[in-house]
Structure formats: C-alpha cells, structure tokens
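S.K.: Here the sequence shown is numbered in UniProt numbering, starting from 1 and rising by one per residue.
Structure below; questions to follow.
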Amino acid sequence: IPDIPADARWAQNGVPVAGGHGLGNATNQLYWPFGLFVDDDQTMVIADRDNHRIIQWKMGDTNGQVVAGGNGSGNRLDQLYSPPDVLIDKETDSLIICDQGNRRVVRWSRRSGTTQGQILIDNSWCYGLAMDNQRYLYISDYDKHEVRRYQIGDKNGTLVAGGNGQGAVV
1 IPDIPADARW AQNGVPVAGG HGLGNATNQL YWPFGLFVDD DQTMVIADRD NHRIIQWKMG
61 DTNGQVVAGG NGSGNRLDQL YSPPDVLIDK ETDSLIICDQ GNRRVVRWSR RSGTTQGQIL
121 IDNSWCYGLA MDNQRYLYIS DYDKHEVRRY QIGDKNGTLV AGGNGQGAVV
C-alpha cells in the first residue's frame, strides 16, 4: 500500500490514459469501464463491462489489448458477461475476474496463448474483489449483500461482512 501523505493534493484536470475515443468496442475505446488494477510496471487491466472483456493498457499506448473475454457476452469459458472488477494475482501471473452476469469468479492466465478462463467460485454475483498479502481473496456479493473471504481453492469462503440481507442498520 502506498504511503500517501494526509495533505496530498492532485491536479484538478486529469488526462486520459486509456480509451478517450468515445464509447465503443475498438481497442482504443471502452464501454462502461468499471474496475481497474494497476500493476507494478504501470500496466493497467480494466474491466470493460459492457464490452464483456478485460483490456490491458500499457502506459503511453494508444490502444489496449484484450486479455480476457472479448468474444461477446455469454457463459462459455472464453466469454465474460458484464465483468465489473478485475485484479492481478502476481504469484500465479493471472487475472482474477468478477464475471457478474455469469454469477462466477474466474481466473485467466496472463501468459500468451490463453484463450479461456477457469471457474474459481460459482453462485456469486460478484461486484468487487481484492486480494491481501496472504493471498486471501475478498469478494463482495451484490445479491447476497455480503463480503466473503476465500483461500484459493475454497468454494464456500468465510463471511466477513454483511450476510443479514439488505439494510442500512450497522
């Protein structure tokens, strides 16, 4: 986690580093980009939700590269359906993706030639995910109003927040 001073300030006007060419499905366009993850080498992976793909963008490039999905919406292992979040698992050099429309979490290798994902967790309407230093995977489930923590290979996880239905009571 970066050490950012409490009084840090950012420029008020940002510059596009991905997309910026209007809504669309070309490799220089995005369509409802949701989650993103920036790697140590400043490579971004972006959950391009309504293009049903994960697109990778290297700093300074004018076009991204589709690294997962991109074969239309669907439930085949080479497809994604409205993915809202993605992260990079550095230990396995893979992407972990919320495949929300298919109610699953999938892993895609970042190695060249990968054409499909592997289902890690099913029956989860995943909206967001994170991984800690011990490689526990945290998944927010939009439908169940809960957050679960998973060890890699675990299918059930441990409830860590919510789980009592929808509501505003703390």
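Just so it is clear, CB atoms sit at the ideal spot from N, CA and C, and this is done for glycine as well.
#1: Rounded to whole angstroms, what is the Cα-Cα separation between L159 and V147?
#2: Since T158 sits in a beta bridge, which residues does DSSP pair it with?
#3: Do T62 and N28 have their C-beta atoms within less than 8 Å of each other?
#4: With H, G and I counted as helix, E and B as strand and the rest as coil, what does DSSP make of R49?
#5: Can you list the alpha helix (DSSP H) stretches of 4 or more residues lying completely in the stretch 59-123, in chain order?
#6: Just curious, the beta strand (DSSP E) that P33 is in, first and last residue?
#7: Flag this pair as yes or no: are the beta carbons of I88 and F37 separated by less than 8 Å?
#8: Which stretch, first to last residue, makes up the beta strand (DSSP E) that contains residue 174?
#9: Rounded to whole angstroms, what is the Cα-Cα separation between L137 and A11?
#10: Am I right that P84 and A47 are in contact with their C-beta atoms under 8 Å? What's the rounded C-beta distance?
#11: Does DSSP put Q56 in a helix, in a strand, or in coil?
#12: For a test of the three-state rule: what should DSSP assign to T43, helix, strand or coil?
#13: Measuring alpha carbon to alpha carbon, tell me which residue in D78, D50, I55, G72 is nearest Y31.
#14: Within the same chain, show all residues whose beta-carbon is closer than 6 Å to that of W57, passing over the 5 residues directly before and after it, in chain order.
#15: If contacts are defined as beta-carbon pairs under 8 Å, then Q116 and D78 qualify, I think. What distance do you get, rounded to the angstrom?
#16: Ordered along the chain, which non-local residues of its own chain (more than five positions away) have a Cβ less than 6 Å from that of residue 238?
#17: Does the separation of the CB atoms of H52 and G20 fall below 8 Å?
M.R.: Taking the geometry as given:
#1: 6 Å
#2: R149
#3: yes
#4: helix
#5: Whole alpha helix (DSSP H) segments, 4+ residues: zero.
#6: Taken as a continuous stretch (DSSP letters only), the beta strand (DSSP E) holding P33 covers 33-38.
#7: Yes.
#8: Since the first residue of the chain shown is 1 and the last is 170, residue 174 is not available in this structure.
#9: 33 Å
#10: 6 Å
#11: strand
#12: strand
#13: D50
#14: For W57, where only same-chain residues beyond five positions count, the Cβ hits under 6 Å are A18, M44, G64.
#15: Rounded, the Cβ-Cβ distance is 4 Å, consistent with contact.
#16: What is shown of the chain runs 1 to 170, which leaves residue 238 out entirely.
#17: no
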